[in-house]
Every structure is written in C-alpha cells, then in structure tokens.
Amino acid sequence: MTNLNVRVELTQNPKAKTPEDKLGFGTVFTDHLFLMDWDAEQGWHDARVVPYQNLQLDPSVGALHYGQAIFEGLKAYNNGGKVYLFRPEKNFERLNKSADRLSLPQLDEKFALEALKLFVSVDRSWVPTTPGTSLYLRPLMFNSEVGLGVHPAKKVTYLVMASPVGAYFTAGLKPMRLFVEDEYVRAAVGGVGFAKTAGNYAASLKGQLKAEEFGCQQCLWLDAKEHRYVEEGGAMNVFFKINGEYYTPALTGSILPGVTRDSMLQLLRDRGEKVHEARLDVNDLFAKAKTGELEEMFCTGTAAVVTPVGTLVRVVNHETGEKEEVAINGGETGEATKSLYEELVNLQLGLGEDRHGWLVEVCDAE
Ligand SMILES: *Cc1c(COP(=O)(O)O)cnc(C)c1O
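Using my numbering, the final residue of the sequence shown is 369, and nothing's skipped along the way.
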C-alpha cells in the first residue's frame with residue numbers, strides 16, 4: 004500500500020478543549036482516530052480517519068487473552084508556525100520490530116508515516132502551544148481475530164489515537180528517587196524486552212508499586228540473570244555521567260531501544276563527549292555515587308524527555324529489610340542534565356539547528 008488511500012470522515016461534534024495549563028498525561032483525546040484493518044487475505048485495508056469512538060470487539064479477541072498487542076509513543080510539537088514530528092520513522096521501524104517479535108504483520112513504514120501526518124493535520128487544532136506541552140501520538144496494533152486458539156493473528160487492527168499532554172511529571176525537572184529492584188525483573192534476554200508490547204508494562208506494575216512503598220517514583224530495573232546490571236529506569240532508558248564521561252546500558256535484547264536514548268547519544272557525541280554503551284554494575288554505581296565520581300544520572304523517553312535522578316534506594320538485607328540510600332549531585336538536578344534537556348527540547352520544537360534532519364514537518368499550525 005504505497006498510495007495514500009485514506010478515507011476521512013470528520014466529526015460532527017467537536018469536543019471542547021481542555022485549557023493547556025490543565026493538561027495531564029493521556030487523559031484527553033482528540034476528535035478523531037486513525038484506523039486500519041489487516042487480514043491474511045487482503046493485507047492492510049480500509050485506512051480511515053474517523054470520529055473518536057469506542058471499538059467493537061468480540062470478547063474472544065487474541066489481544067485481550069494472549070497479549071498480542073504492541074504500541075508506539077511519539078509527539079507532535081507546535082513551534083508557533085508549524086507542526087512537527089520528531090524522528091517518526093524510528094517509531095515505525097521499531098513498531099515493525101515489535102510486530103515481528105509478536106507475530107503481527109508488518110506495516111508499510113512510508114505509508115504509516117504519511118497516514119500519521121494526515122491524521123495529525125486533521126487534528127492540528129489539538130496540538131498545544133504552551134512550552135512543555137505537545138500532542139502525544141499512540142499507534143497501537145493488536146490481534147483482533149475472534150477465537151481462543153493460540154496462533155499468530157489472522158485479523159489485526161492498527162489505530163492511532165492522539166492526546167494533548169502537559170509535562171509528564173507534574174513536578175517538572177525535579178530529581179526522581181529510583182528504587183533498585185532486585186527481585187522482580189522487567190524483561191529477560193530472549194524474551195520481549197526490546198519490543199514495545201503491552202505485557203512488559205503489566206509485568207512492571209508490581210515493581211512500580213514496591214518502588215512507591217519505598218518513597219520512590221520509579222524502579223531501576225536490573226538484568227534478569229544476575230540481578231546486578233542496570234537495564235532501565237521505569238519505562239525510560241538511563242544515563243550516567245561518571246568522571247566526566249557518559250554511560251548508558253548497552254542494548255542486550257531485554258532493553259527497549261529508545262528513540263530518545265538514540266538522540267541523546269548523538270547529542271553527546273555532537274558535543275564531543277565520551278560516551279559508552281556498556282554493562283553497568285549497580286554495586287559499582289553505588290560505590291561511585293558515594294565518592295562523587297557518579298556525577299549525574301538521568302532517564303530518557305518520549306513522554307518525559309529527560310528526567311534527573313537525585314537518589315538511588317536499595318534493600319541491602321532482605322531479611323532485616325535494611326536499606327541504603329545514596330544521593331547523586333546532592334540530590335539536585337545536575338548542570339549537564341539541565342543543558343541536555345534544554346538542547347533536546349529546543350531541537351524538538353524546531354528552535355535549534357536540525358543538524359541531523361530529525362524534524363518532519365506535518366502542516367502549518369492553526
Ligand atoms: C517507550 C519506552 C522507552 C523510551 O523510548 P522512547 O522511544 O525514547 O520514547 C524506554 N523504555 C521502555 C520500557 C519503553 O516502553
């Protein structure tokens with residue numbers, strides 16, 4: 004499917020818009036929805052932009068029972084004059100990798116991007132303009148075949164929904180406390196950790212609740228085999244500045260390859276910084292936090308962009324429950340973290356020089 008054959012049915016009842024200073028994350032949805040169906044005989048067909056609506060699903064569909072569901076997350080930004088997407092082709096490339104792992108069909112990445120641009124331009128009036136806000140786009144693909152048999156889907160639904168969002172963490176660039184989770188794991192090598200699939204999130208909630216019990220906002224996930232090497236921070240990738248050089252866990256198969264992670268690596272290299280994709284032992288990180296060699300730590304992801312980490316908490320004795328806390332940069336947001344956040348946000352808004360051609364123009368802003 005290469006020609007853009009998308010039916011557009013506009014809503015007759017536009018919704019009232021939430022004031023931009025009242026936007027949360029993923030609570031308000033735009034007037035429309037992009038939908039497209041796949042079956043083994045016809046391939047992808049019936050691409051359409053329709054009024055936002057409930058889905059009609061048979062209770063037996065595979066996504067609900069067996070978790071055959073994958074998604075993406077990217078943002079449209081309004082810089083006052085134009086609406087942009089940030090590196091959207093990376094999201095469709097990743098969606099296809101997730102689809103392959105979950106035995107879902109491949110999308111035509113070029114078509115998916117053109118269809119996304121059309122969808123965003125239909126709902127362009129929903130792209131907020133206040134700094135820190137954006138239109139969050141959520142592509143979703145799932146097994147919508149009727150029946151309880153376990154096999155790759157013969158019927159699949161692809162949709163994109165859009166949600167105007169404010170800052171992801173309402174506290175702003177306030178450093179997080181991360182809880183080192185050494186009991187539950189998010190993903191194992193050979194599993195689906197590199198895929199953006201629903202079940203990874205279901206599996207992470209228990210750790211998230213535990214982190215909250217320890218007064219932390221997110222987990223620092225460790226590897227599934229030795230429970231020792233750092234993987235991710237919540238649903239974000241994680242970076243460390245140690246003795247003036249930058250480190251992030253190497254992609255092993257159980258780590259989600261973030262677009263923001265990739266962009267951050269490039270920004271750091273552009274600055275002439277030394278960056279390492281490495282295996283990072285959590286014990287070593289605690290030791291280096293104590294000596295001050297671990298200078299800064301932050302997490303990256305589309306939703307939160309860059310979030311500083313001010314404190315690491317772990318249980319050192321599981322029998323007594325004794326815990327240990329270390330502060331990073333005195334628990335404050337570091338200078339490098341702040342300036343990297345600002346550089347990335349400016350690039351996304353089209354305010355910095357687009358050295359790498361990361362911005363894709365969608366349409367004029369309203
Ligand atoms: C989406 C996601 C990320 C961040 O990826 P981005 O492409 O930067 O948004 C990191 N970890 C997990 C588990 C994710 O699902």
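Even glycine gets a Cβ: it sits at the ideal position worked out from N, Cα and C. From a predicted model like this one, the values you see are computed outputs, not experimental measurements.
Do residue i and residue j have their C-beta atoms closer together than 8 angstroms?
i	j	result
D226	S257	yes
E364	N332	no
N146	A66	yes
T1	E280	Limits of the chain in this structure are 4 at one end and 369 at the other, which puts residue 1 out of reach.
K78	L140	yes
G210	E184	yes
W224	R189	yes
F242	M164	no
A50	A102	no
May I have the straight-line CA-CA distance separating residue i from residue j, to the nearest angstrom?
i	j	result
A339	L110	38 angstroms
P167	T33	7 angstroms
V52	Q15	13 angstroms
P54	V86	21 angstroms
N94	E229	31 angstroms
T5	S106	Here T5 scores only 47 on pLDDT, less than 50, and its place in the model is too uncertain to base an answer on.
K177	W47	44 angstroms
V278	T255	17 angstroms
N320	K213	16 angstroms
G304	R127	23 angstroms
V309	S124	27 angstroms
K113	V9	14 angstroms
F217	K244	25 angstroms
L138	E322	47 angstroms
Once the 5 residues before and after residue i are set aside, which same chain residues still bring their CB inside 7 angstroms of it?
i	result
G150	S63
D42	K157, K158
C219	R180, L181, F182, V316
L162	L36, F37, L38, L143
K18	D34
L271	Y249, V278
Q269	H359
V312	P178, M179, L181, G236, M300, F301, C302, I331
E346	L270, G355
Apart from the five residues on each side of it in sequence, which residues of its chain come closer than 6 angstroms, Cβ to Cβ, to residue i?
i	result
L13	none
A201	G70, A72
G337	E299
H267	For the sequence presented, residue 267 should be read as Met rather than His. Excluding positions up to five away in sequence, the list reads T303.
A292	V329, I331
Less than 8 angstroms between C-beta atoms, sequence neighbours within five positions excluded: which residues of the same chain meet that for residue i?
i	result
G353	Y80, N82, K85, Y87, L362
R97	E75, K199, P260, V262
E23	P131, T132, T133, T136, P167, G169
D273	R358
Exercise. Considering only residues of the segment 172 to 220, which uninterrupted beta strand (DSSP E) runs meet the minimum length of 3 residues and lie entirely inside it, listed in chain order?
Worked result: Those beta strand (DSSP E) runs which fall completely within the segment 172 to 220 and span 3+ residues are 179 to 184.
For this session: Flag this pair as touching only if the segment 192 to 201 and the segment 321 to 331 have three or more C-beta atom pairs under 8 angstroms; answer yes or no.
Result: When Cβ pairs closer than 8 angstroms are counted between the two stretches, the segment 192 to 201 is seen not to touch the segment 321 to 331, the count staying below three.
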